[in-house]
Amino acid sequence: MPAIKGHGMSYQNGKANNGWGPAAADFDDSGWRRLDLPHDWAVENPFDRDENVSQGYRARGIGWYRRYLQLPETDRGRHIELQFDAIATHSTVWINGIVVDRRWSGYDGRSIDITPYVRYGTDPNTIAVRVDADAQEGWWYEGAGIYRHSWLVKRDALHIATDGLHANPVNQGGRWTIPVEVTLQSSAKAASDGTVDAVLTDPAGREVARGSARARIDALGSAIARIKLEVRDPKLWSLAQPNVYRVRAVLRDRANEIDRTEVQTGFRSIRFDADRGFLLNGEAVKIQGVCIHQDHAGVGVAVPEAIWEFRLRRLKEMGTNAIRFAHNAPATEVLDMADRMGLLVMDENRHFNPSPDYMQQLTWLVRRDRNHPSVVLWSIFNEEPLQSTEAGYEMSRRMVHEIKKLDTTRPVTGAMHGGLTTALNAADALDVVGLNYQTWIYDDYHKKHPKRPLTSTEDTSAFMTRGEYASDRKAQVMGSYDDEPSSWGNTHRDAWKAIAQRPFIAGSFVWTGMDYRGEPTPYEWPSASSFFGAMDLAGFAKGAFWIHQAQWVKDRPVVKLQPHWNWTGREGQDIHVMVTSNAQRVRVLLNDRTIGEQAVDPYEMNHFQVPYAPGRIEAVALRDGKEVAHDVVETSGAPVSLVLTPDRQALAGDGLDAMPVTVSAVDARGRPVPLAQDKVSFSLEGQGAIIGVGNGDPNSHEADKASARSLFNGLAQVIVQSRRDGRGVLRLRAHAEGLQGAEVELAVNAVHASPRVPDVEPTTPLQSWRVSPPATTRPDPNVVLAENDMNSWGWDEPPMRRGPEAGAFRLYRSGVNVRADRNDGRAQLSFGGIAGKAEVWVDGVKLGEKIQAEPAPFAVTLPRGAAHREVTVLIEAVQGQASGLWGRVVLERGAR
Ligand code: GAL
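Pasting the structure below:
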């Protein structure tokens, strides 16, 4: 941004449309990179030791985005919103040089009413977004940029407000109702009436209830339409059967539908009980939860929906039934997914602060998320130093109060890591007391506060590196036998044991389900991502995955044997074999000889010392003496070929769908090679792109945005994405030196992609003009207006028609930034219509003269070069006739 200096600039700076530099409508962005949103620029940056360890050693900095769009004349009178689902971190948005939004969080969405500022017809509208990602809100990797979706939303002047449909079922005395509330808004010039229909559809899409209400909405006012839907015997939403209903609100003005919106909802009752823990539909359900952050291998925080689906599916495979999106609001589509997949959600607010800016972030979260059956708990803070104080209590009390105004059906928690013993503390304001770590306080606190529901909000914090079975502090590697707890946490097994054995603790939220960038505790450089995950950054299982699967999965037998069985040089020596299973007994066999059999220890898991001999080691899970599951690990030879395993067979050709493909290596007999570290390069043919690569090694400094990646302990991941309007076949090839390559074909199915706001070229219009008073004699076109004279010349925009005036002469002055892509000596200043004789002067040089006085289009060619040009038009009216700039004035590319 240029420095504001001098009277003229200062004066202008105080005005509404004062965007300078890249915020200005006509800024020359021709040299800028073109990209598609969502976008995270931090993940594109190299690892740099001088950058913040907490942000994963990647530069963040300041970035700008610009976009042009046209709105047809038919949009005039409608309500136009620009929506950003999240921008990391501080952001400012300008429309046509007018600042319209400023935010201080990288996690909240915003819908900006841009109706007053936009132009219709040919003139493009300019969106400029300044993103300050030097600002940080977390101690984890937060990414940088417009990393969630952006939307242009057009509605009728009378419309349903964004997040304005509240439809959360309630059960009173066994009767289900949905008290639907629809917030209506109007940008119309007079009061209007509307009728709202609310329609409930069941999971099969059948209509099961309907109601309607009328409302009167004042000009620029809002009103709430209330409709009570009665539902008999709905199918309950549960973890096993996540029955999702939908509520649609349709707004009619007399007979015509003018707006509609739809939300997911579900019928379930929830309760946190001081003795029995969490109850879903009246039954105690132990929360088997994980905390996760929002970045993934290859893509940073710009995580495509399909990759989120993959992440949640992986967590479910582990037996997870709840997710705490730590420590911020997740993307809205992720909550829709949690509803459909049957996951419970602890929905967390980023900032512990009841002052207005921050309270707005909290109420936005609750308004957006209060219909989701998956959301069972609001969280207002995590580990706040003020938690033990009266201030902490008062702040919590206010935030809880604000939540209750919007949602009375869900309890509020806060994650306390201490401060529970003071006379008045934050826990005194909470419905459910959340405990981070502090397993030692469980019994004592419960005894002292027998009426308070308790849950772990965070536990475990133990370290593992995928595929490693011995810790090596020098190499910054952690073994996977679950014997590396942090000093404040517990092993995965101990943390769960403490929770599982106490019915009054609602459940667990393991830190963490998956690794994330930043916080490479207990290490620093060169480690750049975390060691806490039960899965690595790419979603590959670590030892803890199998431990939790054995502890949590109830509906099928599972068994897993660790470690790998490639221990050349250790022949005859004991190898620690860990078997994790949910069966009754487990037996271990090496090369078909039984090594031992044990009763399953559901908390400690089962451990065998097996003298190493290469071959085939097997774990058999037994129930009532019968084999119910088994797992085999074989010693492999050297890697011989690569294998590509796609997560699914096909992609939707919508430019959004994405898919992780697992890359691995096998030996001559097709056995996976657990320690392969080969560097693999990829190529892709067809209508798609590789959007990222990863391998889950927290110490790797290989690029995420690349077409090559080394295997880390046998595995890597490549993420492909379809192109918009894509169809046909994507052919992914993998190649590594000395190995046979692999190839896979993925179908790209043509789909009807959701509409996308068309790109338009920036046809810089000269909108703002100064106009001299009429003069009877020809004025000097290059007359200099005094810097501090803001009034002797007027301010106006074309079209400017002046009736017959006493003086025949007037000067019209404006300026334009000639873009570098318009500077080839062909750039034209084109006037839609000049009435009167005219001279066009640019930077003190006369470039053209219009001899005829009749109104007519006119154009001059600008000199070569990208520069700010001052344009003065001297018009001489014919006596008694109108004159002026009657049409648009535009800088455009002329013919050669
Ligand atoms: C907690 C904190 C988490 C993470 C974790 C690591 O104190 O809430 O965000 O930092 O420790 O153990």
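Heads up, the sequence shown is in full-length UniProt numbering, so the first residue is 1 and it goes up one at a time.
Backbone N, C-alpha and C define an ideal beta-carbon position, used for all residues, glycine too.
Coarse secondary structure for residue i, derived from DSSP in three states
| i | result |
| --- | --- |
| Thr201 | strand |
| Thr74 | helix |
| Thr439 | helix |
| Asp654 | strand |
| His752 | coil |
| Val299 | coil |
| Asp667 | coil |
| Tyr481 | coil |
| Glu524 | coil |
| Lys451 | coil |
| Ser212 | strand |
| His446 | helix |
Bounding residues of the alpha helix (DSSP H) (the contiguous stretch that carries residue i)
| i | result |
| --- | --- |
| Phe545 | 543-552 |
| Asp336 | 332-341 |
| Met416 | Careful: Met416 lies outside any alpha helix (DSSP H), inside the beta strand (DSSP E) at 412-416. |
| Pro356 | 356-369 |
| His496 | Sequence inspection shows Trp at residue 496; the His mentioned does not correspond to that position. Here the alpha helix (DSSP H) through Trp496 covers 492-500. |
Range covered by the beta strand (DSSP E) that runs through residue i
| i | result |
| --- | --- |
| Asn782 | From DSSP, Asn782 is part of no beta strand (DSSP E); its letter is neither H nor E. |
| Met395 | That residue, Met395, is in no beta strand (DSSP E); its alpha helix (DSSP H) goes 390-406. |
| Gln12 | Taken as a continuous stretch (DSSP letters only), Gln12 belongs to no beta strand (DSSP E), being part of the alpha helix (DSSP H) at 7-13. |
| Ala219 | Note, Ala219: premise wrong, no beta strand (DSSP E); not H, not E. |
| Tyr147 | Element bounds for Tyr147: n/a, residue is neither H nor E. |
Residues bridged to residue i (per DSSP)
| i | result |
| --- | --- |
| Pro304 | Per DSSP, none; premise fails for Pro304. |
| Leu35 | In the DSSP output, where bridge partners are listed per residue, Leu35 has none listed. |
| Arg102 | Thr92 |
| Glu348 | Ser379 |
| Gly19 | According to DSSP, Gly19 bridges with nothing at all. |
| Met535 | Met514, Ala541 |
| Glu384 | Answer by DSSP bridge pairing: none, since Glu384 is not bridged. |
| Met659 | Val720 |
| Leu165 | Val182 |
| Pro646 | Val661 |
Beta carbon of residue i nearer than 8 Å to that of residue j
| i | j | result |
| --- | --- | --- |
| Leu152 | Val196 | no |
| Ile146 | Val247 | no |
| Gly489 | Asp515 | no |
| Tyr812 | Val878 | no |
| Ile127 | Val182 | no |
| Pro526 | Ser486 | no |
| Arg802 | Arg810 | yes |
| Leu622 | Arg593 | no |
| Trp496 | Tyr603 | yes |
| Ala3 | Arg60 | no |
| Asp797 | Trp841 | Note that residue 797 corresponds to Glu in the displayed sequence, not to Asp. No. Outside cutoff. |
| Arg148 | Pro304 | no |
| Thr635 | Asn566 | yes |
| Phe272 | Leu236 | no |
| Met478 | Ala544 | no |
| Ala240 | Gly342 | yes |
| Arg882 | Pro773 | A small fix is needed here, since residue 882 is Ala in this sequence, not Arg. Cβ atoms of Ala882 and Pro773: not closer than 8 Å. |
| Thr439 | Phe509 | no |
Exposure of residue i, with buried meaning 16 or more beta-carbon neighbours within 10 Å
| i | result |
| --- | --- |
| Trp795 | exposed |
| Trp886 | buried |
| Trp140 | buried |
| residue 897 | This structure cannot settle anything about residue 897, because the visible part of the chain is limited to 1 through 896. |
| Lys475 | With the sequence shown as reference, residue 475 is identified as Ala, and Lys is not the correct amino acid for it. Flag for Ala475 reads exposed. |
| His7 | exposed |
| Met399 | buried |
| residue 903 | Beyond the ends of the chain as shown, which are 1 and 896, falls residue 903; an answer cannot be given. |
| Ser192 | buried |
| Arg311 | buried |
| Met605 | buried |
| Met1 | exposed |
| Asp647 | buried |
| Gly692 | buried |
| Ser30 | exposed |
| Trp308 | buried |
| Asp654 | buried |
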